[in-house]
Amino acid sequence: MEELRDKNGLTEAEFLAAYDASKYERPSVTVDIIIFHSGRLLLIKRGGHPCIHKLAFPGGFVEMNEDVYTAAARELMEETGLKAKNLRQLHVASTPNRDPRTRIITVPFLADVEDINALAAGDDADSARLYPFSYKKMKLGRNEIIEIAIIDGNERKTVKVVKSRDESGLSGDYIYKQAGESMLAGDHAEILARAIDFSE
C-alpha cells in the first residue's frame, strides 16, 4: 500500500523528521488538586515564589511522560503524602497572565483521598493541612457573588468571586473573577468557586 503524502509530497515520517517543534511557543501545563473533607479544605502554604506564604492547592507541573491524572496523583502524594482516588477534572484555567513565571495552563481536579490521616507536608510546601472553610452565595443583578471564608488559626480570611455569563458569546460557560485581594495564591479563589459550584 502506498504511503500517504501531504500537499508538499512528504510522508508522515519525512514530515516528522523535518518538523521544528521550536516554531511554536508552548505553554507549560500544571495540575491543581482540590479536596473537600468534612467541611474543611486541603491547602498548602507555599514555601517559595511566586506567592510565597500564600495558601494554595497542592499541585505542580505535568511531566512529559505522564497524563494529567497521573500528574495530579503524583503531585498530591509529593506535596501532602496523600493517595488520590476518584479524580474529577474541572474547567481548565488558561487566562494568559495567570502565573507570573511563564504561560501556564492548569487543569484542576476535585479528588477524594484514601486516608486523610496520612497528611504531611512535603516537596515545596511549607505546610499542608485541612482548613475550616465556608461560603455563601448572593445575587447581584444578573451576576452571583460567591464569598469564601477560610479560617487560618484565629484569623478568618475572606475573598469574593463574581460569577457571570460570558457577555461576548464566545463561551457558554460561566466566568469566575476574583474581586479584591485573596489569601489564596494566583487565581485559586476563582478555581475554588468553580469547584464549589461543581460539587453542589
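Counting along the sequence shown from 1, when you hit position 43 you're at 353 in the numbering used here, and nothing is skipped either side. We put the beta carbon where it would ideally sit given N, CA and C, even for glycine. The structure displayed is predicted, hence computed values, not measured ones.
*Which residue from Val339, Ser492, Gly391 and Asn427 puts its Cα closest to that of Glu376?*
For the purposes of this step, residue 376 is taken as the residue at position 66 of the sequence shown. That would be Val339, whose Cα lies nearest to the Cα of Glu376.
*asked:* Could you tell me the alpha carbon to alpha carbon distance between Glu324 and Leu314, rounded to whole angstroms?
replied: For this step, residue 324 is matched to residue 14 along the sequence shown. For this step, residue 314 is matched to residue 4 along the sequence shown. C-alpha separation (whole angstroms): 11 Å.
*Is DSSP giving Asn493 helix, strand or coil here?*
Within the sequence shown, residue 493 is the residue found at index 183, counting from 1. Correcting the residue identity first, residue 493 is Met in this sequence and not Asn. DSSP places Met493 outside both helix and strand once states are collapsed to three, so it counts as coil.
*Can you list, in chain order, the residues of its chain whose CB lies under 7 Å from that of Met387, leaving out five sequence neighbours each side?*
Counted from its first residue, the sequence shown places residue 387 at position 77. Excluding residues within five positions, the ones whose Cβ falls inside 7 Å are Lys393.
*Pairing CB atoms from the segment 324-333 with CB atoms from the segment 479-498, are three or more of them under 8 Å?*
No, the segment 324-333 is not in contact with the segment 479-498.
*What first and last residue would you give for the alpha helix (DSSP H) that runs through Val378?*
The residue given as residue 378 occupies position 68 in the sequence shown. Residues Val378 to Thr390.
_Runs of alpha helix (DSSP H) wholly within the segment 438-479 (minimum 4 residues, chain order)_ = none
*Determine the contact status of Ala278 and Glu389, defining contact as a CB-CB distance below 8 Å.*
In the structure as shown, the chain starts at 311 and stops at 510, and residue 278 therefore has no counterpart that could be examined.
*Please determine if the segment 377-385 and the segment 355-366 are in contact, where contact requires at least 3 C-beta pairs separated by less than 8 Å.*
no
*Residue nearest to Ile461 in terms of C-alpha spacing, selected from Lys447, Met493 and Ala489*: On the sequence shown, position 151 is the one that residue 461 refers to. Answer by Cα proximity: Met493.
*asked:* I want to know whether the segment 335-349 touches the segment 497-507 - three or more CB-CB distances under 8 Å.
replied: yes
*Which of the three DSSP states, helix, strand or coil, is assigned to Leu429?*
Taking the sequence shown and counting its residues from 1, one reaches residue 429 at position 119. Residue state, collapsed to three classes: coil.
_Taking the beta carbon of Thr321 as the centre, do at least 16 other beta carbons fall within 10 Å, making it buried, or is it exposed?_
Locating residue 321 in the sequence shown gives position 11, counting from the first residue. So Thr321 ends up on the exposed side.
*Which one of Gly319, Lys470 and Val423 has the shortest CA to CA distance from Asn396?*
For the purposes of this step, residue 396 is identified with residue 86 of the sequence shown, where counting begins at 1. Residue Val423 is the option with its Cα nearest to Asn396.
*asked:* Classify Lys449: buried if its beta carbon has 16 or more other beta carbons within 10 angstroms, exposed otherwise.
replied: On the sequence shown, residue 449 is found 139 positions in, with the first residue counted as 1. So Lys449 ends up on the exposed side.
*8 Å Cβ cutoff met for Val469 and Ile455*: Numbered from 1 along the sequence shown, position 159 holds the residue referred to as residue 469. Numbered from 1 along the sequence shown, position 145 holds the residue referred to as residue 455. Cβ atoms of Val469 and Ile455: not closer than 8 Å.
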